[in-house]
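Counting from 1, position 170 in the sequence shown corresponds to residue 170 in the UniProt record's numbering; the numbering is continuous, with no gaps. Below is one structure, written out as structure tokens, with a few remarks after it.
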Amino acid sequence: MCFLLAVLCLTVFSPEPLVYSADWSSTTKSKADLTYTKNAGGTKPVDPDHPGEEIVPETVPPANPGTPGPLSIDFASNIQFGSHEITGRTETYYAALTPVKVLASGASKKVANYVQVTDNRGTLGGYRLTVKQNGQLRSDQTVLEGAEMVLLNSTLKSATNKKTPRNLKKIVLDASGKSASDVIVAPAGTGAGTWLNTFGSSTEQAKKSIQVILPKETKKQAGHYRTTLTWEMIDSPY
């Protein structure tokens with residue numbers, strides 16, 4: 001009887017698990033893919049105060065449209081120094097702010113003059129933005145010899161990107177038109193997405209951030225004086 005009980009105890013309390021062997025198994029594979037195409041469209045101007053909101057410039061005459069493609073200049077403010085009486089003194093005149101309409105609200109306001117660029121190439125290869133004054137301010141009869149245009153207080157803004165490129169805080173334009181000046185330099189790994197370079201970090205500072213200096217020796221006649229600025233995006237920071 002004791003032998004039988006011992007056998008029963010071992011059978012009930014045995015720690016060995018029950019093992020079943022699989023007769024067969026099978027595997028298969030599925031596919032995953034993604035296709036990128038080059039960004040051929042442009043990027044619309046956005047609000048320097050709130051870079052996530054689109055705006056419509058309301059400058060008169062209208063600003064030139066932005067450039068298409070993955071490395072683009074989306075907007076550049078027209079520089080308007082206004083109307084002034086002729087004097088015999090050295091004078092400094094300041095560019096008016098840029099009037100815009102915010103699309104979401106329909107509200108009109110004035111913002112800092114700015115240039116907006118976008119790098120949607122995906123390479124993170126860097127780039128350079130330059131500006132060149134195409135000759136001295138002139139009317140049909142007179143050239144404002146010695147006039148000097150200066151861009152101050154450059155400030156970079158972006159809605160999302162934190163890998164900030166470099167910019168030049170003060171730019172003195174070459175009135176002869178012979179040389180361009182760097183505005184933004186984005187080393188490799190920086191500057192992707194949309195960036196705004198505003199001239200002035202606030203509305204108040206922006207009111208005096210683009211100026212033209214007229215020496216007292218400059219010959220002046222009544223008239224409308226004009227020049228143009230060429231903004232160029234170069235696909236290398238060097």
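Beta carbons are placed, not taken as given, at the ideal position from N, Cα and C, and that holds for glycine.
Contact between S209 and G200 holds, with the beta-carbon distance rounding to 4 angstroms and staying under 8 angstroms. Going by beta carbons, Q136 and T227 fall inside the 8 angstroms limit. Membership of T198 in the beta strand (DSSP E) is indicated by the continuous run G193 to F199. When rounded, the separation of the alpha-carbon atoms in S181 and V102 is 31 angstroms. Sequence-distant Cβ neighbours of L129 in its own chain, meaning closer than 6 angstroms and more than five residues away, are V117, V183, I184 and M233. If only uninterrupted beta strand (DSSP E) runs of at least 3 residues are considered, those enclosed by the region 150-204 are 154-157, 170-172, 181-186 and 193-199.
Look at the beta carbons and you see the region 28-47 not touching the region 137-156: under three pairs across the two are nearer than 8 angstroms. Distance check between I73 and each of G177, P237, E85 and V115 places V115 closest, using alpha-carbon atoms only. Taken through DSSP and simplified to helix, strand or coil, A76 comes out as strand.
Going by beta carbons, T190 and P165 fall inside the 8 angstroms limit.
Linking K169 to L156 through their CA atoms gives a straight-line distance of about 10 angstroms.
Here Q221 is exposed, its C-beta having fewer than 16 other C-beta atoms within 10 Å.
Within 10 angstroms of the beta-carbon of I86 lie fewer than 16 other beta-carbons, which makes it exposed. Sixteen is the threshold: when 16 or more other Cβ atoms of the shown chains lie within 10 Å of the Cβ of Y127, as they do, the residue is buried. With respect to I171, V131 sits close: the two C-beta atoms are nearer than 8 angstroms. The bridge partners DSSP lists for R226 are R138. Counting other Cβ atoms within 10 Å of its Cβ, S77 reaches 16 or more and is therefore classed as buried. Contact check for N167 against G193 fails: the beta carbons are separated by 8 angstroms or more.
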